[in-house]
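Numbering (the working numbering), first residue to last: 7 to 279.
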């Protein structure tokens with residue numbers, strides 16, 4: 007709701023990638039990642055990151071890693087923890103997601119955004135025809151598709167949902183937000199399971215719920231960023247439940263009350279779900 011270019015304190019990502027990349031990960035995860043070969047911190051340590059994907063890392067592979075490291079740092083760290091034989095494919099998949107997520111904030115007109123989405127739709131078609139364009143992410147995604155026989159439907163679902171989101175329409179209810187998360191975040195997890203060779207109904211069921219949770223959490227975390235742009239993506243029906251908080255508050259007391267109101271709205275979003 008899984009990044010467009012969420013640039014403030016969170017980085018430049020949006021719903022779905024509002025970039026959560028600038029936030030330091032949990033200490034245990036950070037310690038494990040730092041021990042991996044080829045790890046490069048967010049500021050860059052001067053060491054090559056190519057080793058993170060194992061021997062023979064290509065230029066396009068390194069491009070995907072760098073894109074992910076700069077635009078979605080948390081996904082970069084999590085991908086480093088995957089088995090070496092699956093890492094480059096995970097980087098490619100997440101880089102593909104970043105490319106889609108940042109379209110909305112990088113274009114001045116919806117028409118241009120639709121053209122870019124059309125490019126990625128054609129790219130996916132070409133990938134499955136063994137004719138990927140000469141674009142680093144497309145080339146690496148093609149390799150991942152060939153290596154793991156990834157399901158095309160999930161890739162197209164991500165593009166279609168990102169395309170719908172170009173309209174900047176508010177979510178009327180929590181179900182609409184969950185649908186967005188299912189088609190973006192959950193689809194990414196389904197593809198990640200395929201990369202890892204996991205074929206299990208229970209794993210798919212868990213991925214569906216985890217993806218929805220990630221989408222809702224991303225929406226909440228991106229609220230301050232969207233607020234600076236005078237946009238609200240919290241579900242309208244749940245926000246309406248918080249209207250009563252504002253009616254009895256004197257105007258002079260509103261600034262001090264605002265943070266409390268935000269917290270209560272967020273609690274509604276979580277617990278009403």
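The C-beta atom is built at its ideal place from N, Cα and C for all residues, glycine as well.
- Message: Going by C-alpha to C-alpha distance, which of 74, 224 and 171 sits closest to residue 116?
- Response: For the residues 74, 224 and 171, the minimum Cα distance to residue 116 belongs to 171.
- Item | Local conformation of residue 114 per DSSP, three classes | Residue state, collapsed to three classes: coil.
- Per-residue burial, residue 103 [other beta carbons within 10 Å of its own, 16 or more giving buried]: Under this definition residue 103 is a buried residue.
- Item | Where the alpha helix (DSSP H) through residue 98 begins and ends | From DSSP, the alpha helix (DSSP H) with residue 98 extends over 90-107.
- Anyone know if the C-beta pair for residue 225 and residue 183 falls short of 8 Å? Taking C-beta atoms as the reference points, residue 225 and residue 183 count as a pair closer than 8 Å.
- Assign residue 204 to buried or exposed, taking buried as 16 or more other Cβ atoms, counted over all protein chains shown, within 10 Å of its Cβ. Counting the other CB atoms within 10 Å of its CB gives residue 204 a total below 16, which places it among the exposed residues.
- Message: I'd like to know whether the C-beta atoms of residue 154 and residue 200 end up nearer to each other than 8 Å.
- Response: A contact, by the Cβ cut-off of 8 Å.
- Query: With 16 as the cutoff for other CB atoms within 10 Å, does residue 101 come out buried or exposed?
  - Reply: Residue environment: residue 101 is assigned as buried (16 or more neighbouring CB atoms within 10 Å of its CB, all protein chains considered).
- Task: Please list, in chain order, all residues of the same chain as residue 85 whose beta carbon is under 8 Å from its beta carbon, the five residues on each side excluded.
- Result: Excluding positions up to five away in sequence, the list reads 74, 93, 96, 97 and 100.
- Looking at the C-beta of residue 231, does it have a partner C-beta in chain D at a distance below 8 Å? The structure shown contains no chain D; it holds only a single protein chain.
- Task: Please confirm whether residue 160 and residue 197 have their CB atoms less than 8 Å apart.
- Result: Yes. Within cutoff.
- Item | Span of the alpha helix (DSSP H), counted from its first residue to its last, around residue 187 | For residue 187, the enclosing alpha helix (DSSP H) begins and ends at 180-187.
- Query: On the three-pair Cβ rule with 8 Å, is the segment 130-137 touching the segment 173-180?
  - Reply: Touching, no, given that fewer than three Cβ pairs across the two stretches are closer than 8 Å.
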